[in-house]
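Q:
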Amino acid sequence: MIALIVAHFALAACAGPLVHRLGRRAFVVLALPPAAATVWALTRWSTAASSGADTWSWQWIPDYGVALDLRLDALAELMVLLAAGVGALVLLYCASYFTDDTPQLGRFAGNLLAFAGAMLALVLADDLITLYVFWELTTVFSYLLIGHGSEHRHSRRSALQALVVTTFGGLAMLVGFLILGQAAGTYRISAIVADPPETTLAVSVAVVLVLCGALSKSAIWPFSMWLPNAMAAPTPVSAYLHAAAMVKAGVYLVARLAPAFADVPVWKPVVLVLGGATMLLGGWRALRLNDLKLVLAYGTVSQLGFLILLAGTGNRDAALAAVAMILGHALFKAPLFLVTGIVDHAAGTRDLRELSGVGRSLPYVAGVAALAAASMAALPPLLGFAAKEAAFEALLHGSAADRWALAVVVAGSALTTAYSLRFVWGAFARKPCVPDTPVHRVGWAFLAPPALLAALGLVLGPGVGWTDRLLGAYADTFPAEGKPYHLALWHGFGIALLLSALAWAAGTVLFLGRAPVTRLSRRIAWPTADSVFGHLLLGQERLALQVTGFIQRGSLSVYLATTLLVMLAGQLTVLVVDTPWNGAVRPRLWDNPLQGAVAALTCAAALLCLTVRRRMKAVVLAGLTGYGTALLFVVQGAPDLALTQFCVETVSMIVFVLVLRRMPVHFQETVSTWRRAARIPTALAAAATVGVGMWVAAAARTAEPAGAAMVQEVADHGLKDVVATILVDLRAWDTMGESAVLAAAAIGVTSLIYLHRRSEGTMVQEELRGRTAWSLSAHHSSRLPQGDDAAPERGWLAAGATLAPEHRSIVFEVVARLLFHPILVLSVYLLFCAESLPGGGFVAGLVAGLALITRYLAGGRFELAEAAPLQPGLFTGLGLFISTGVGLLGLADGTVLHAFTYYGHLPVFGKYHLSTSVLFDFGVYLLVLGVVLDIVRALGAKIDRQIERAAGVLAPEGGPEAGGALR
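With the sequence shown counted from 1, adding 14 to any position gets you our numbering.
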């Protein structure tokens, strides 16, 4: 099972190269995974039909009881055959539908096959969380498929609407899944269905939330607006997603959970009322539309309402009718969509008012369409008739609510007959006063997929008994009431057949009176759900703008004060109500007076930040608070933390200074007297509240601290540095996640500087035809010597000559030259000594970054380019690659991030050992170095270049900044 799912996604990733090499013929290759899944499912037919199941399990999150569980039973067998079988035929159909020069065909092919893989995994999932993951994957891929023609506004809007509606339902469903899993004590779907939790208020709420997800996925009113708009997608997407796959996911979920929750009081009112209403509204709307795809779309909405009604009724015969109708619907609706694509392809239009005589020109296409439409109208001897008869019988012998539902279904069936006739007449009939539509020839490969599906609907009508054993295996999960119903084409004359005849007759009358019916339908039409959705979205945007305008006034101090006050109010409320300090250990002010002195100075620097008006003073004072925190770490005996804090604070202050070059000297915000007076009390209150909260949290500890166990664990491995070992071994997952976040944040921030691309160009000194940015931004002093008289006799830096002589510091250049390499060596030492001494990849990367910053401060952007000629992204990407690779290497022993240690002997150096933890730390080292270099280049060298460009001192051929693509 899992191999088939992986094969879908693996081949989908190769779709682009395949399409590039084979053109549209690549769809034949891409059809192999779903075809293989179909063959595999057919081989498991006997097991599923005997109420057996094939299972596969992998513990995903064992501590929380979440596993990747797959299970093929009778219902999953049916859905796999539909999702994989129809998917394979649709992919073959695409080989004729598209041309080799269709734009973005590779992306479309990959998304379609990936969707098929996600749908296959969804119907096989036997775990609620796994089901949700693949549920949302189908949502994402459907968004990409619907919006394939992204150059059209309607396609983008339709894709976004489908994404919003189905994602909203999916999130509600996830909450419901979590509640059900907690109530049942397991997330295993088969276990929940076999032993459902007791009906409580929480379970009832969960059932409603799950139904929200299922109904939104299957386009049940009031969520039905997205499906007709999704017809903006190419026809193969409509045939697959909106007939056999995605929209069936909601029906499948209802059918899967109905044996467990159909008796919950809120279940039947929701599915019966909304399912019946959707069947009527969708069918009525289909009678007044002229686009063939829209006629089928609203017909699909109507049929989905019917399927939801049957699947949620909650008795054995209705469940049997539901799965029979699921099969029949796929076998008649998918070929109708595919035939619509053929007509559109051959005639160049889908408007039934412009089509005339197509049936004479394309008789085989018309025959396939008539066969599928007859099954949709439930005419014998087709599968649709057998399934509809089963539905009538089940509802007729059900409860009072079921008989009310039967009346709705009969009325909906009449509408189905009417729009089935409207489709065949509109697509193929010769119409008076309309000239015959010219069409081109249709190849057999184009017609074969819909013809095969329609033929199956014809064969399975008389042969519906062949499916009775499989479909009955699912229906038998419901308690049987009386003699169980069995599928057959003919059950004799009875009320069900009479109701079918009534529906055919009423539908024929509606079709024959189509002109007055269309006028009446348009006259009494309510506002469409699509327009309501549009107005709701517009109203939400306007409300958001008003709220944003009211709250966000452009004052950072107001934002910060608001955040602190909200936090303050919440924390004080909790502290007052819970009084958690009762029985808590009394806090100590300090362990030694030196701590108190450092803390007092740090607090004083923080308070002074509230009174300054110059940005540079604020930066210096904020930096002092960071250095004060580092001193507290030193006094407390935490050299690792202190070293990291010192390095971070130094880099941060330098970055602040670089940014301040392009900002006013003073804060521009006008602050009233009362606001300035309120700053200090607010800050003190917030600080006191946070301090009390930390004390209460620390005093609430009941378990033994983990520190001693970690120290012992580290000592057992012959190591001494507990902090470094925690970061790269015991808590390596956290480090990997934080590294990725750091890289993403740095790239995001610096990308705001690089508007078009991140390349710095050649960065050659010859592009400069004047003074550098530092010379331009400084004031010249007439008291200093000018020209070569003040220049050093030799160059200490590679790019020292680019600086104006009066702005060169011989001392700084010499210091930078002498310290650069020792600092780099120190960074390497800190990297490799981390097992036993303070250090590690993070602080080592910061130290190496400080070495490069020193070169930049001494010699400018050209000096930085000479010191670090490689792009920062190379370091960042290589660091992430190494850390991730080391983590995945642990899978060789069965666990991600498992550490390996190699012991060896070198002739000169003696014994040594190499641990994968060091390699992991080396990845962190490269990542941090790349991040620091990226920030310095963006906020230092890039801004220098902008200043020089504005001053006109860059040569025209000087690279991107002098007129190239980078602006």
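Heads up, the beta-carbon is just placed ideally off N, CA and C, and yes, glycines get one too.
Counting Cβ pairs closer than 8 Å, one from the stretch 268-281 and one from the stretch 396-416, do we hit at least three?
A: The stretch 268-281, when compared against the stretch 396-416, does not touch it at the 8 Å Cβ threshold.
Q: Spatial neighbours of Arg-797 within its chain, please: CB distance less than 7 Å, with the 5 preceding and 5 following residues excluded, ordered by chain position.
A: Translated into the one-based positions of the sequence shown, residue 797 becomes position 783. Because Arg-797 sits at a pLDDT of 46, beneath the cut-off of 50, its placement in the model cannot be relied upon, and the following sentence gives the value as read from the coordinates. Taken in chain order, the list of residues that qualify is empty.
Q: Which term fits Ala-27, buried or exposed, when burial requires 16 or more other beta carbons within 10 angstroms of its beta carbon?
A: Residue numbering aside, residue 27 sits at position 13 when the sequence shown is read from its first letter. Exposed, by the Cβ-count rule.
Q: Taking its Cβ as the centre, do 16 or more other Cβ atoms sit within 10 Å of Met-677, making it buried, or is it exposed?
A: Residue mapping note: residue 677 aligns to position 663 of the sequence shown, counting from 1. Exposed, by the Cβ-count rule.
Q: Keeping to the same chain, check which residues put their C-beta closer than 7 Å to that of Phe-23; ignore five residues upstream and five downstream.
A: Working through the sequence shown from its first residue, we reach residue 23 at position 9. Result list for Phe-23: Ala-128, Gly-131, in chain order.
Q: Looking at the structure shown, is Arg-85 part of a helix, part of a strand, or coil, going by DSSP?
A: Residue 85 sits at position 71 when you count from the first residue of the sequence shown. Strand.
Q: Taking DSSP as the reference, what is the three-state secondary structure of Ala-139?
A: Here residue 139 corresponds to residue number 125 of the sequence shown, with the count starting at 1. In the structure shown, Ala-139 sits in a strand (DSSP, three-state: E or B).
Q: Contact check, Ala-738 vs Ala-848 under 8 Å by CB: the rounded distance?
A: Residue mapping note: residue 738 aligns to position 724 of the sequence shown, counting from 1. Residue mapping note: residue 848 aligns to position 834 of the sequence shown, counting from 1. With 8 Å as the limit, Ala-738 and Ala-848 qualify as a contact, their Cβ atoms being about 4 Å apart.
Q: Considering just the uninterrupted stretch of the alpha helix (DSSP H) at Gly-13, what are its terminal residues?
A: Nothing about residue 13 can be reported from this structure: the residues present for the chain run from 15 to 981 only.
Q: Just the Cα atoms here: how many angstroms apart are Met-245 and Val-900?
A: Position 231 of the sequence shown holds residue 245. Position 886 of the sequence shown holds residue 900. Near 46 Å, if we compare the C-alpha coordinates of Val-900 and Met-245.
Q: Just reading off the alpha helix (DSSP H) that Asp-277 is part of, what are its end residues?
A: For the purposes of this step, residue 277 is identified with residue 263 of the sequence shown, where counting begins at 1. Where Asp-277 is concerned, there is no enclosing alpha helix (DSSP H), given that its DSSP letter is neither H nor E.
Q: Determine the DSSP secondary structure at Tyr-488, reduced to helix, strand or coil.
A: Residue 488 sits at position 474 when you count from the first residue of the sequence shown. Residue state, collapsed to three classes: helix.
Q: Give me whichever residues DSSP pairs with Thr-69 in a beta bridge.
A: Position 55 of the sequence shown, counted from the start, is the residue given in the question as residue 69. According to DSSP, which records beta bridges pairwise, Thr-69 is partnered with Arg-85.
Q: At which residue ranges does the stretch 559-600 contain complete alpha helix (DSSP H) runs of 4 or more residues, listed in the order of the chain?
A: Counting whole runs of 4 or more residues, the stretch 559-600 contains the alpha helix (DSSP H) stretches 570-592.
Q: Identify the residues that DSSP records as bridge partners of His-680: which are they?
A: Counted from its first residue, the sequence shown places residue 680 at position 666. DSSP, once it has assigned bridges, lists Arg-628 as partnering His-680.
Q: Measuring alpha carbon to alpha carbon, tell me which residue in Phe-442, Val-478, Leu-466, Ala-332 is nearest Ser-413.
A: Counting from one through the sequence shown, the residue named residue 413 turns up at place 399. Per the Cα distances, Ala-332.
Q: Buried or exposed: which applies to His-794, given that a residue is buried once 16 or more other Cβ atoms fall within 10 Å of its Cβ?
A: The count along the sequence shown starts at 1 and reaches residue 794 at position 780. In this prediction, His-794 scores a pLDDT of 46, lower than 50, which makes its location untrustworthy; the coordinate-derived value is nonetheless stated afterwards. Its Cβ having fewer than 16 others within 10 Å, His-794 is exposed.
Q: Asn-329: buried (16+ other C-beta within 10 angstroms of its C-beta) or exposed?
A: Walking along the sequence shown from the start, residue 329 turns up at place 315. When all chains shown are included, Asn-329 counts as buried.
Q: Assuming Val-372 and Ala-441 make a contact with CB atoms under 8 Å, what is their CB distance in whole Å?
A: Translated into the one-based positions of the sequence shown, residue 372 becomes position 358. Translated into the one-based positions of the sequence shown, residue 441 becomes position 427. About 6 Å; that satisfies the 8 Å criterion.
Q: Quick one: what's got a C-beta closer than 7 Å to Ala-233's C-beta in the same chain, skipping five residues either side?
A: In the sequence shown, residue 233 corresponds to position 219, counting from 1. Closer than 7 Å at Cβ, skipping near neighbours: Trp-240, Leu-241, Val-261, Val-315, Leu-318.
Q: Cutting at 6 Å between CB atoms, please list the residues of its own chain near Ile-193, excluding the five before and the five after it.
A: Locating residue 193 in the sequence shown gives position 179, counting from the first residue. These residues qualify, in order along the chain: Ala-216, Ala-220.
Q: Nearest CA to the CA of Leu-845: which residue from Asn-125, Ser-71, Leu-928, Arg-367?
A: Taking the first residue of the sequence shown as position 1, residue 845 is located at position 831. For Leu-845, the nearest C-alpha among the options comes from Leu-928.
Q: Taking Lys-231 as the reference, which of Gly-924, Leu-943, Tyr-146 has the closest Cα?
A: Indexing the sequence shown from 1 puts residue 231 at position 217. Checking every option, the nearest Cα to that of Lys-231 belongs to Tyr-146.
Q: Rounding to the nearest angstrom, what Cα-Cα distance links Leu-578 and Gly-584 in this structure?
A: By one-based count along the sequence shown, residue 578 stands at place 564. By one-based count along the sequence shown, residue 584 stands at place 570. Looking at the two C-alpha atoms, the distance is approximately 10 Å.
Q: Does DSSP put Gly-373 in a helix, in a strand, or in coil?
A: The count along the sequence shown starts at 1 and reaches residue 373 at position 359. Helix at Gly-373.
Q: Measuring alpha carbon to alpha carbon, tell me which of Gly-762, Ala-701, Gly-355, Met-630 ends up nearest Leu-586.
A: Translated into the one-based positions of the sequence shown, residue 586 becomes position 572. Selected option, being the one with the closest Cα: Ala-701.
Q: Any idea if Ile-16 is buried or exposed, counting beta-carbon neighbours within 10 angstroms, 16 or more meaning buried?
A: Along the sequence shown, one-based indexing puts residue 16 at 2. Flag for Ile-16 reads exposed.
Q: Of all the alpha helix (DSSP H) runs that stay within the bounds of the stretch 692-733, which reach a length of 4 or more residues?
A: With a minimum length of 4 residues, the continuous alpha helix (DSSP H) runs that stay inside the stretch 692-733 are 721-730.
Q: Contact between the stretch 86-102 and the stretch 41-51: three or more CB pairs below 8 Å?
A: Touching, per the Cβ criterion.
Q: Cβ atoms of Ala-415 and Lys-282: under 8 Å apart, would you say?
A: Start at 1 with the first residue of the sequence shown, and residue 282 comes out as number 268. Start at 1 with the first residue of the sequence shown, and residue 415 comes out as number 401. For Lys-282 and Ala-415, yes; Cβs fall inside 8 Å.
Q: Starting from Arg-202, follow its DSSP beta bridges and name the residues at the other end.
A: Position 188 of the sequence shown, counting from 1, holds the residue named residue 202. Bridge partners of Arg-202: Asp-141.
Q: In terms of residue numbering, what span does the alpha helix (DSSP H) encompassing Val-33 cover?
A: Here residue 33 refers to the residue found at position 19 of the sequence shown. Looking at the DSSP string, the run of the alpha helix (DSSP H) that includes Val-33 is 29-36.
Q: Please name the residue in Leu-393, Leu-369, Val-357 whose C-alpha comes closest to that of Val-379.
A: By one-based count along the sequence shown, residue 379 stands at place 365. Measuring from the Cα of Val-379, the nearest candidate turns out to be Val-357.
Q: Counting C-beta neighbours from all protein chains within 10 Å, is the total for Thr-639 16 or more, i.e. buried, or is it exposed?
A: Taking the first residue of the sequence shown as 1, we reach residue 639 at position 625. Under this definition Thr-639 is a buried residue.
Q: Under 8 Å: do the stretch 399-408 and the stretch 503-518 share three or more Cβ pairs, one atom per stretch?
A: The answer is yes - the stretch 503-518 touches the stretch 399-408, with three or more Cβ pairs under 8 Å.
Q: Taking the CB atoms as reference points, tell me whether Val-20 and Leu-106 lie closer together than 8 Å.
A: One-based indexing of the sequence shown puts residue 20 at position 6. One-based indexing of the sequence shown puts residue 106 at position 92. No. Outside cutoff.
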